[in-house]
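Here my numbering runs 80 ahead of the position in the sequence shown, where the first position is 1. C-beta: ideal position from N, C-alpha, C; glycine also. Because the structure is a prediction, the values reported are computed rather than measured. First comes the structure, then the notes that go with it.
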Amino acid sequence: MTSHSILPSYGLQEQPLQVEAFGSGLINSTWKVTTAGREYILQKVNDAIFTRPEKIAHNVRMIAGYLQQHHPDYLFIAPIAANDGAEMIYRKGEGFFRLFPFVPHSHSFDVVETPGQAFEAAAQFGRFTRMLTGMDTSGLEITLPEFHNLNLRYQQFREAQEKGNSQRITACRWMIEELEGHAGIVERFEQIKNNPEFKLRVTHHDTKISNVLFDAQGKGICVIDLDTAMPGYFISDVGDMMRTYLSPVSEEEADYSKIEVRDDFYKAIVAGYYGEMKDELTATEQGHFFYAGLFMIYMQALRFLTDYLNNDQYYGARYPDQNKVRAGNQLCLLQRLLEKRELYEGDAFCG
Ligand code: GN1
Ligand code: MG
81 MTSHSILPSY
91 GLQEQPLQVE
101 AFGSGLINST
111 WKVTTAGREY
121 ILQKVNDAIF
131 TRPEKIAHNV
141 RMIAGYLQQH
151 HPDYLFIAPI
161 AANDGAEMIY
171 RKGEGFFRLF
181 PFVPHSHSFD
191 VVETPGQAFE
201 AAAQFGRFTR
211 MLTGMDTSGL
221 EITLPEFHNL
231 NLRYQQFREA
241 QEKGNSQRIT
251 ACRWMIEELE
261 GHAGIVERFE
271 QIKNNPEFKL
281 RVTHHDTKIS
291 NVLFDAQGKG
301 ICVIDLDTAM
311 PGYFISDVGD
321 MMRTYLSPVS
331 EEEADYSKIE
341 VRDDFYKAIV
351 AGYYGEMKDE
361 LTATEQGHFF
371 YAGLFMIYMQ
381 ALRFLTDYLN
391 NDQYYGARYP
401 DQNKVRAGNQ
411 LCLLQRLLEK
421 RELYEGDAFC
431 G
């Protein structure tokens, strides 16, 4: 097993040594490694997607340095150097490996269970960006170019309709049309990119709940997984929290009747993030919390459907129509959120 064979490169060979799969990401693989005395997190970075992992290492080093200097109390989990001093180990045909210390008594969740957890997570992502507002972001590498460029995702969706699997295109005609009907979300993003009221800040870009560490009392400790930390807009982070915390069921749920938008979770995300970022966000940005949810949910629906039309090249599929099911799920979530527009309209955070 590849995850085992890398461990001696970190000097880890004492027995007993236990390696178990950890978390549920679609792109990278993660394991928890337990030795007699210590625990670690081992991660394999997918080098088909992160083609320049050294850029991740550069960003992590830069962010770590800044935090150490300006916010030394923040718990930053830096990768453990291998025997030869490297932060990442490359194994041809497999990918890049990294090892992190496991923070004692910490835990993470795969699913948000309470508004309190949503609040804590949103506060942690907001805090992360806030602490780095003084950093010169021009030194950061772009680890995934155009990652959250909605316009590009829309173009890729259009392209897949021309070059993709024709049977799938025909079968998904209704979903394609529904998604095209929401293209106003893309136009709005184009305006945002041209609006100086929207600031580029250090943004995490992957704010699912499993990327937050909690302590034994259920308080957020810090955020993890900085692979996609790079300059971006706050709507990426707030939006992905809405996408993944609002509904009681995940993007994998095939029974769409279970998808709903929970008001108390919406409020918790806004309150948690705003509490940390209120002095940083411009008034225009503050009016775009609701849009943030639309933006990320719509982008993910496009990405899943694009991938389905392209024969699951990016996300893969454990059963034949998985990406179609995921796309339909996200489209349904988008509709559930849009139904809340009037309800949330009264608050200042509904753009
Ligand atoms: C991927 O691998 P994971 O689950 O952290 C994807 C995200 C998507 C997510 C959907 C690099 O993230 O953008 O939102 O799947 N990451 C990349 O589950 O494409
Ligand atoms: Mg990730």
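With contact counted as at least three CB pairs below 8 Å, one residue from each stretch, are the segment 231-241 and the segment 383-391 in contact? yes
State the beta-bridge partners of K112 as determined by DSSP. Indexing the sequence shown from 1 puts residue 112 at position 32. Partner(s): E100, I121.
Straight-line CA distance for K358 to R342? Position 278 of the sequence shown, counted from the first residue, corresponds to residue 358. Position 262 of the sequence shown, counted from the first residue, corresponds to residue 342. Using only the alpha carbons, I get a separation of about 23 Å.
Quick check: the Cα distance between S109 and V192, rounded to an integer number of angstroms? Reading the sequence shown from its first residue, position 29 is the one you call residue 109. Reading the sequence shown from its first residue, position 112 is the one you call residue 192. The alpha-carbon atoms of S109 and V192 are separated by roughly 21 Å.
Using only the heavy atoms of ligand 1, determine whether one of them is closer than 7 Å to the beta carbon of G105. Taking the sequence shown and counting its residues from 1, the one referred to as residue 105 is at position 25. Within the cutoff, so yes.
Local Cβ density within 10 Å of R421, reported as buried at 16 or more and exposed below that: On the sequence shown, position 341 is the one that residue 421 refers to. Classification of R421: exposed, given that the 10 Å Cβ count is below 16.
Rounded to the nearest angstrom, how far is the Cβ of I265 from that of L374, given a contact under 8 Å? By one-based count along the sequence shown, residue 265 stands at place 185. By one-based count along the sequence shown, residue 374 stands at place 294. With 8 Å as the limit, I265 and L374 qualify as a contact, their Cβ atoms being about 5 Å apart.
8 Å CB neighbourhood of A203 in its chain, flanking five on each side removed: In the sequence shown, the residue the question calls residue 203 occupies position 123. So the qualifying residues of the chain are G300, G352, Y353, G355, E356.
Alpha-carbon spacing of D344 relative to V350, whole angstroms: Sequence index remark: in the sequence shown, residue 344 carries index 264 (1-based). Sequence index remark: in the sequence shown, residue 350 carries index 270 (1-based). Going from the Cα of D344 to the Cα of V350 covers about 10 Å.
Would you kindly check if the distance between the Cβ of P152 and the Cβ of F180 is under 8 Å? By 1-based counting over the sequence shown, the position of residue 180 is 100. By 1-based counting over the sequence shown, the position of residue 152 is 72. No, they are not a contact pair.
Is it the case that the Cβ atoms of D305 and H185 are separated by a distance below 8 Å? Residue mapping note: residue 305 aligns to position 225 of the sequence shown, counting from 1. Residue mapping note: residue 185 aligns to position 105 of the sequence shown, counting from 1. For D305 and H185, no; Cβs fall outside 8 Å.
Residue environment, D286, which counts as buried when at least 16 other CB atoms sit within 10 Å: Here residue 286 refers to the residue found at position 206 when the sequence shown is read from its first residue. Answer is buried; the Cβ neighbour count reaches 16.
Taking 8 Å as the cut-off, does the segment 273-290 touch the segment 320-331 (at least 3 CB pairs, one atom from each stretch)? yes
By a C-beta neighbour count over all protein chains shown, 10 Å radius and 16 as the cutoff for buried, is R141 buried or exposed? What you label residue 141 is simply residue 61 of the sequence shown in a count that begins at 1. Result: exposed.
Contact between the segment 247-256 and the segment 399-414: three or more CB pairs below 8 Å? yes
If you follow the alpha helix (DSSP H) that C412 is part of, which residue opens it and which one closes it? As a working note, residue 412 is residue 332 in the sequence shown. Run containing C412: 402-418, per the alpha helix (DSSP H) assignment.
Got a sec: is the Cβ-Cβ distance from A158 to anything in chain B below 8 Å? In the displayed structure, chain B is absent; only one protein chain is listed.
How about V99 and A201: are their beta carbons less than 8 Å apart? Your numbering for residue 99 matches position 19 in the sequence shown. Your numbering for residue 201 matches position 121 in the sequence shown. Here V99 is not near A201, since their CB atoms are 8 Å or more apart.
Going by beta-carbon coordinates alone, are K124 and F177 separated by less than 8 Å? Start at 1 with the first residue of the sequence shown, and residue 124 comes out as number 44. Start at 1 with the first residue of the sequence shown, and residue 177 comes out as number 97. Cβ distance < 8 Å, so K124 and F177 count as in contact.
Leaving out five residues before and five after G244 in sequence, what residues of the same chain have Cβ atoms less than 7 Å from its Cβ? Counting from 1 along the sequence shown, the entry for residue 244 is found at position 164. Excluding positions up to five away in sequence, the list reads L389, N390.
Please go through the segment 339-376 and give each complete alpha helix (DSSP H) segment of 4 or more residues, from N-terminal end onward. 343-357, 363-366
Sorry if obvious, but does the Cβ on I129 come closer than 7 Å to a heavy atom of ligand 1? In the sequence shown, residue 129 corresponds to position 49, counting from 1. Indeed, a heavy atom of ligand 1 lies less than 7 Å from the Cβ.
Which residue's Cα is closest to the Cα of R398: H84, T362, E340, E332? Along the sequence shown, one-based indexing puts residue 398 at 318. The candidate whose alpha carbon is nearest that of R398 is E332.
What is the C-beta distance between T380 and Q410, in whole angstroms, given that I count them as a contact (C-beta under 8 Å)? The sequence position of residue 380 within the sequence shown is 300, counting from 1. The sequence position of residue 410 within the sequence shown is 330, counting from 1. Looking at the sequence itself, residue 380 is Gln, so the reference to Thr does not match. That belief holds up - the Cβ atoms of Q380 and Q410 are roughly 5 Å apart, short of 8 Å.
Could you please give me the residues that DSSP links to V35 through a beta bridge? Since the first residue of the chain shown is 81 and the last is 431, residue 35 is not available in this structure.
With a Cβ-Cβ cutoff of 8 Å, do E340 and S327 count as a contact? Walking along the sequence shown from the start, residue 340 turns up at place 260. Walking along the sequence shown from the start, residue 327 turns up at place 247. For E340 and S327, yes; Cβs fall inside 8 Å.
What does DSSP give as the partner residue(s) for M310 in the beta ladder? As a first step, residue 310 is located in the sequence shown; it is residue number 230 there, counting from the start. Paired residues: T283.
Tell me which residues share the same chain as T115 and place their Cβ nearer than 7 Å to its Cβ, disregarding the 5 neighbours each side in the sequence. Numbered from 1 along the sequence shown, position 35 holds the residue referred to as residue 115. Answer for T115: L92, E94, L97, listed in chain order.
If we count Cβ pairs, one from each stretch, closer than 8 Å, do we get three or more for the segment 271-282 versus the segment 162-178? Judged by Cβ distances under 8 Å, the segment 271-282 makes no contact with the segment 162-178, as fewer than three pairs qualify.
On the premise that I121 lies in contact with F102, defined as a C-beta separation below 8 Å, what is that separation, rounded to the nearest angstrom? Taking the first residue of the sequence shown as position 1, residue 102 is located at position 22. Taking the first residue of the sequence shown as position 1, residue 121 is located at position 41. Indeed they touch by this definition, with Cβ atoms about 7 Å apart.
L232 vs F269 beta-carbon contact at 8 Å: Position 152 of the sequence shown, counting from 1, holds the residue named residue 232. Position 189 of the sequence shown, counting from 1, holds the residue named residue 269. No; because the gap between Cβ atoms is not below 8 Å, this pair is not in contact.
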